[in-house]
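Numbering (the numbering used here), first residue to last: 106 to 422.
Comments concern the structure below.
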């Protein structure tokens with residue numbers, strides 16, 4: 106049996122095991138969120154030996170991971186992305202994926218540079234997926250917000266209470282906004298103060314200013330009174346007008362974004378075509394030490410240039 110087949114089998118088994126634990130952890134995430142909301146930062150239960158041992162091990166892992174990664178920012182990104190895995194576990198899984206990619210690539214190719222590049226990709230990919238999922242979920246939530254505000258306004262105008270209007274909106278909207286509003290209602294139903302439940306929503310979406318305004322409107326109305334329906338209706342109109350302005354800006358900047366994409370993809374596509382047509386011509390970049398250094402530098406500058414061009418054509422409204 107060829108030597109790389111066991112490596113592939115082990116990799117597949119480990120990734121399947123990681124996926125299983127990831128899905129299991131997600132399935133328990135909603136219950137843990139509610140429990141944390143109601144209990145706050147409570148102390149660990151009981152001074153049993155096993156509990157103390159597990160807690161000491163957890164603290165050691167947290168200290169090791171915290172020395173390398175900003176856990177508070179990572180935890181915020183995971184929560185916003187809808188991933189209930191702890192930041193410590195996520196970092197450990199990511200490091201394990203990088204080590205696994207390095208071992209697999211080195212055993213299959215025997216090239217240290219290739220193994221290091223793929224290892225870095227294995228580490229960066231989960232973080233990239235989390236950032237992409239976070240931004241996508243934030244965008245989807247803001248897109249749903251005007252319609253949800255209109256539904257809440259209609260419920261308030263026909264005489265429903267604020268809690269009833271939130272329950273109705275949460276029941277009629279899909280994830281993410283529907284689940285978030287439902288979570289607010291469930292926290293309130295389980296005894297959490299109204300202001301604290303809304304503060305939890307704001308903490309889960311710290312980078313979304315519309316959520317801050319949404320929470321502030323409800324909190325101010327609950328504490329001081331006022332016409333909540335008129336405030337929410339104005340917020341809905343403002344969000345829709347901003348979406349219209351964003352679409353106009355995207356239309357005007359589409360040429361620059363397309364140029365950035367073409368220029369960014371041209372070098373790797375050209376390198377791949379050259380490798381297929383004349384592999385001896387480009388093999389020196391992979392086998393010779395100087396070529397490997399140039400290849401690493403080229404990848405670094407390529408990624409840097411692509412990020413800069415994307416930033417130049419991206420405008421926030």
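All C-beta atoms, glycine included, are put in the ideal place defined by N, C-alpha and C.
None of the values given here were measured: they were computed from a predicted structure.
Within the segment 345 to 372, not a single complete beta strand (DSSP E) segment reaches 3 residues in length.
Under the Cβ criterion (8 angstroms, minimum of three pairs), the segment 229 to 245 counts as touching the segment 195 to 205. By a beta-carbon distance limit of 8 angstroms, residue 418 does not contact residue 356. Their separation comes to about 12 angstroms. Its Cα nearest to that of residue 307, the residue 285 stands out among 326, 295, 296, 285. Residue 232 carries a helical assignment under DSSP once its states are collapsed to helix, strand and coil.
In the three-state reduction of the DSSP assignment, residue 332 falls in the coil class.
Taking C-beta separations shorter than 6 angstroms and ignoring five residues to either side along the sequence, the partners of residue 397 in its chain run 218, following chain order. Take residue 210, set aside five residues on each side of it, and the residues of its chain with a beta-carbon closer than 6 angstroms to its own are 219, 220, 223, in chain order. Just so you know, the alpha carbons of residue 382 and residue 389 end up roughly 15 angstroms apart. In the structure shown, residue 338 adopts helical secondary structure according to DSSP, grouped into three states.
Take residue 207, set aside five residues on each side of it, and the residues of its chain with a beta-carbon closer than 8 angstroms to its own are 220, 221, 223, 224, 227, in chain order.
The residues 303, 304, 306, 307, in chain order, have a CB closer than 8 angstroms to that of residue 320 in the same chain once the five nearest residues on each side in sequence are set aside. For residue 270 and residue 376, the gap between their C-alpha atoms comes out near 58 angstroms. Under the three-state reduction of DSSP output, residue 402 falls in the helix class.
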